[in-house]
Amino acid sequence: MAKKRPSPGLTNLERFGGGIFFVFYLLLLPLMAGPARHLAGELLGRRISGELYGAVYYYGLFAVTAILFHRLLGTSTRRFLDEPARALKTAGVGIVAYYGLSELAARLGSVFVDRSGNLNDAVISARTGSAPRMTLLIVVFLAPFVEETLFRGLVFGGLKEKSRLLAYAASCALFALVHVWQFALANRDPAYFLAMVQYLIPGLVLAWAYEHSGTLWASIGLHAGVNALSALAGSL
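Mapped onto this note's numbering, the consecutive letters of the sequence shown carry residue numbers 98 to 333.
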């Protein structure tokens, strides 16, 4: 059985700066998106589409993430290049586990909350229909890079040094929270928080992919692959 590779360590700057950025990303930036889009439209004297604003928004997140975590990403890249087959195999196994266990989680989630389907898949499907190219850019390239660096690189990697169990629990819970709290707020329905169960298994598989391969590129590739398949299914 192949041994797990230790996750790349974080610098103090990555912990401090990345932690502040993570709080903004998780709680504040989603609330600022609407007002910021409106303000930008007023300043430019034109209406800015949601798809265009989404692309600019994620390009900004991508740039900040790449700058803040350049050392972590550099280490992950070197580890990927050292053992590309390991990373690719991990991502492949992860996709199989992702879909198998996510189906189980979805069925469990339907027991607790009356919501049809996966919220993330529903959003991807809707956006793919209205703006396929922009949506693919975001969900296949930009979002997986940002989310894996934050949830797996920062949260999981930072906490694993203290407790492996805590690292899995916190990264999975926060990953689930970021995907549902806006629905609960927008619909004023706390029952949406029960849908977090849909994301616990995906979060677990993505964290495992990072830990097992020792490189973020395995979990980024896995995340991108899953989103690409969801986008494809939504366009059919």
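Glycine included, each C-beta is placed from N, C-alpha and C at the ideal position. The model shown is predicted, which means the values in this text are computed figures rather than measured ones.
Does DSSP classify residue i as helix, strand or coil?
{"i": "S213", "result": "Confidence is the limiting factor: at S213 the pLDDT is only 47, short of 50, which leaves the residue's position unreliable and the question unanswerable from this model."}
{"i": "K186", "result": "helix"}
{"i": "T246", "result": "helix"}
{"i": "T108", "result": "coil"}
{"i": "K257", "result": "helix"}
{"i": "P103", "result": "coil"}
{"i": "F113", "result": "helix"}
{"i": "R230", "result": "helix"}
{"i": "I145", "result": "coil"}
Measure the alpha-carbon distance for residue i versus residue j and round it to whole angstroms.
{"i": "N109", "j": "I164", "result": "14 Å"}
{"i": "L313", "j": "R249", "result": "8 Å"}
{"i": "Q295", "j": "F159", "result": "26 Å"}
{"i": "E308", "j": "R143", "result": "46 Å"}
{"i": "A288", "j": "A273", "result": "14 Å"}
{"i": "K257", "j": "L263", "result": "7 Å"}
{"i": "F166", "j": "L141", "result": "32 Å"}
{"i": "F238", "j": "L170", "result": "15 Å"}
{"i": "A270", "j": "Q279", "result": "15 Å"}
{"i": "V243", "j": "T174", "result": "15 Å"}
{"i": "G138", "j": "A194", "result": "43 Å"}
{"i": "P132", "j": "A182", "result": "45 Å"}
{"i": "T162", "j": "L234", "result": "17 Å"}
{"i": "A266", "j": "S327", "result": "25 Å"}
{"i": "P105", "j": "T172", "result": "6 Å"}
Considering only the beta carbon of each residue, do residue i and residue j sit closer than 8 Å?
{"i": "F121", "j": "L251", "result": "no"}
{"i": "R134", "j": "Y150", "result": "yes"}
{"i": "V302", "j": "L198", "result": "yes"}
{"i": "S260", "j": "A304", "result": "no"}
{"i": "V275", "j": "L125", "result": "no"}
{"i": "R168", "j": "E245", "result": "no"}
{"i": "A283", "j": "F290", "result": "no"}
{"i": "L319", "j": "A306", "result": "yes"}
{"i": "L107", "j": "G300", "result": "no"}
Between the Cα of residue i and those of the options, spot the shortest distance and give me the residue it belongs to.
{"i": "A325", "options": "E139, R175 and T232", "result": "T232"}
{"i": "I298", "options": "R112, L125, L169 and G191", "result": "G191"}
{"i": "P103", "options": "F253, G300 and P287", "result": "F253"}
{"i": "G189", "options": "G114, F238 and A321", "result": "A321"}
{"i": "L178", "options": "S310, P229 and R230", "result": "S310"}
{"i": "V277", "options": "I235, M293 and Y196", "result": "M293"}
{"i": "A315", "options": "R176, A130 and G116", "result": "R176"}
{"i": "P241", "options": "R230, T172, E180 and V323", "result": "V323"}
{"i": "P229", "options": "G147, A130, F113 and P127", "result": "G147"}
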